[in-house]
Amino acid sequence: MIQQRVWSNALVVMAFTLLTTLATSCTLEDQSEPHARGAQVYAEYCVRCHGEDGAGGGVGASAVPDIRPRAIWSDTSDTLLVILAFGMATQYSADSVVRTMPPAPYSNADLAAVATYISKYLGGVDRSFTAADVQRAKDGHKQALNGRLQQVSEGTQP
Ligand code: HEC
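Residues 1 to 158 (this note's numbering) make up the sequence shown, in order.
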């Protein structure tokens with residue numbers, strides 16, 4: 001009888017411990033979720049050009065600069081999200097493009113996750129982005145492009 005009681009007490013303790021562990025690990029996972037997904041996207045797609053730490057050294061190493069010291073990390077506008085969604089090319093001449101970053105083929109949620117991740121691990125700043133932020137950045141960029149197109153068609157471009 002006593003033996004049985006000890007066993008059932010032990011079972012209750014074990015079940016409690018298991019539940020507490022599960023609950024804690026779920027909470028921890030939730031908190032690190034954007035960084036975990038961001039790290040995955042970075043490793044899968046960005047690392048080939050930017051290297052593990054953003055210093056470059058991947059494909060076309062000489063054409064991919066070290067992005068860690070860039071002003072983008074202190075830019076609080078949507079520029080980072082626009083660059084991830086649409087790519088960038090800052091060095092080009094009449095017959096060649098020297099440095100280009102292609103648009104990243106990921107969902108808004110994944111772009112938000114990788115932006116959150118690189119801000120922290122490459123830029124050293126705590127910024128958190130959502131899928132809605134990415135959509136807003138895309139809409140804003142499209143609107144700006146449409147504005148420019150209209151100026152071109154009206155012949156009023158600067
Ligand atoms: C094919 C190579 C390539 C891939 C893949 C790539 N990039 Fe880039 N990225 C570049 C190059 C080249 C530049 C520099 C462009 C310039 O200075 O004109 C750059 C610039 C950047 C910058 C700096 C922007 C600024 O305004 O200073 C960030 C941040 C960045 N990339 C993040 C990423 C992330 C995150 C990914 C993955 C989703 C990624 N890149 C994928 C080549 C790449």
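Every residue, glycine too, gets a C-beta built ideally from N, C-alpha and C.
A quick note: this is a predicted structure, and the numbers were derived from the prediction, not measured.
The ligand HEC has no heavy atom closer than 7 Å to the beta-carbon of V82. Remark: the shortest separation between the CB of A104 and any heavy atom of the ligand HEC falls under 7 Å. Distance between I72 and A109, taken at the CA atoms: about 20 Å. Nearest neighbour of A104 by Cα position, chosen from P34, A43, A36, turns out to be A43. A heavy atom of the ligand HEC is found nearer than 7 Å to the CB of T100. The distance from the Cβ of A137 to that of P34 is about 16 Å, inconsistent with a contact at the 8 Å cut-off.
In the displayed model, Q40 falls within a helix according to three-state DSSP.
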